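Heads up: the structure comes next, in structure tokens.
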Amino acid sequence: MINLRYHVISLAAVLLALAAGIAVGAGLLDESDAAATSSSSDTAEISPALAGFDAGYASMTAPGLLRDKLKDRTVLLLTTPGARDNEVDSLIENLTTAGARVTGQVELTGKLLSPANRQFAEGVAAQSDPDAAAAESDYGKVGAALARGYLTQGDGSLDETARTIRSAFTEGGLLDAEQDPEVSAQLVLVVSGPAGASSGGEGTVVSSMVAGLDAGSQGVAVVGPVSSGENGVVNAVRGSDAAANVSTVDVTDTGSGRVNAVLGLIREAAGQSGAWGTSRAADGPVPN
């Protein structure tokens, strides 16, 4: 049987090809995704044959790379408004392959991610979670409150404070719970969209919040497509103080890249943060 090291080396080869510009594009979940044309500036036409190879390669290698690596762990998905549904669905499938329980999916709304609403978001955080006031920055307070409401370093039981925080953020239009978690999660996967998919300042807000999310959980990974690592959310996190404690991956617009994103969360769960993906990633293409 082909061993794990072979799979990792093979996956690295594919991702190195992406970094060289051979397959930079969006939505490589299947051939139809890649063949579709798009007006978005971050996409390029990709050969259906190459798209089919990527999708097939990812589906065949994912079980060997991921199986049971997150067994008995719980994961919350936080998405930005620009996150693409096919990428989110594929990431959930890979997390399930890894043995994780996805507790829910919650969108960080444009209202929360707009710096113009900073004082309102801070006020909601402070009123719903008095302990968040100890955070050093305004969005640090928001991150701390969200961690208290949705995350845990132990079991996933909810208390009244957590329920109050969730209600306050949702009613304030700062969160949209597509699938409201019934329990708190140990790990967080923040899924962003391509650069330019939302209003400016989104990356700054996310990078300011993730330190609080990380402090209240067992680990955070921020992932997105290639352009997010150029001048989007992933790039902003990598350039912030949070980079030392939060993992990042910038290749979710490919099937193999979405496997790589879950590998990054696996490393994060083991207490080892890093930046992986394209040539802009400081720690290389694939966690090892």
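Read in order, the letters of the sequence shown correspond to residues 443 to 730 in my numbering. Glycine residues also receive a C-beta, built at the ideal position from the N, C-alpha and C atoms. Quantities reported herein were computed from a predicted structural model and do not represent experimental measurements.
Check                                                                                                                             : Outcome
Cut-off 7 Å between Cβ atoms - residues of its own chain near residue 600, not counting five sequence neighbours on either side   : 625 and 626
Residues that residue 563 bridges to, as DSSP identifies them                                                                     : Note: residue 563 sits in no beta bridge, so no partner.
Cβ contact check for the segment 584–596 and the segment 523–534: 3 or more pairs under 8 Å                                       : no
C-alpha gap between residue 566 and residue 696, whole angstroms                                                                  : 37 Å
Chain-order list of residues whose beta-carbon lies under 7 Å from that of residue 644 (same chain, five-residue window excluded) : 522, 555 and 675
DSSP beta-bridge partners of residue 624                                                                                          : DSSP lists no partner for residue 624.
For residue 545 and residue 417, believed in contact at Cβ under 8 Å, the rounded distance                                        : The structure shown has nothing for residue 417, since the chain only spans 443 to 730.
Between the CA atoms of residue 690 and residue 707 - distance to the nearest angstrom                                            : 9 Å
Rounded straight-line distance, which links the Cα of residue 704 to that of residue 720                                          : 16 Å
Three-state secondary structure assigned by DSSP to residue 700                                                                   : helix
Check whether residue 688 and residue 653 have beta carbons under 9 Å apart                                                       : yes
Own chain residues within Cβ distance below 6 Å of residue 591, not counting five before or after                                 : 604, 607 and 608
Rounded separation between residue 549 and residue 710 - CA only                                                                  : 22 Å
Residue 648 and residue 678 closer than 9 Å at C-beta                                                                             : yes
For residue 723, the nearest candidate out of 698, 693 and 714 (CA to CA)                                                         : 693
Neighbour-count burial assignment, residue 713, 16 or more Cβ in a 10 Å radius                                                    : exposed
Status (buried if at least 16 other CB within 10 Å, exposed otherwise) for residue 667                                            : buried
Where residue 731 sits in the DSSP three-state scheme                                                                             : The question about residue 731 has no answer, for the chain in this structure spans 443 to 730.
Under the three-state DSSP convention, the category residue 507 falls into                                                        : helix
Own chain, CB closer than 6 Å to residue 699, minus 5 neighbours either side, in chain order                                      : 693
Backbone secondary structure at residue 594 - three-state DSSP                                                                    : coil
DSSP beta-bridge partners of residue 547                                                                                          : 519 and 621
Limits of the alpha helix (DSSP H) - the one that residue 653 falls within                                                        : 644–657
Alpha-carbon to alpha-carbon, residue 500 and residue 507                                                                         : 10 Å
Rounded separation between residue 611 and residue 635 - CA only                                                                  : 22 Å
Secondary structure of residue 720, DSSP reduced to three states                                                                  : coil
Helix, strand or coil at residue 540 according to DSSP, with G and I counted as helix                                             : coil
Bridge-paired residues (DSSP) for residue 690                                                                                     : 664 and 717
Inter-residue spacing [alpha-carbon to alpha-carbon] between residue 503 and residue 685                                          : 28 Å
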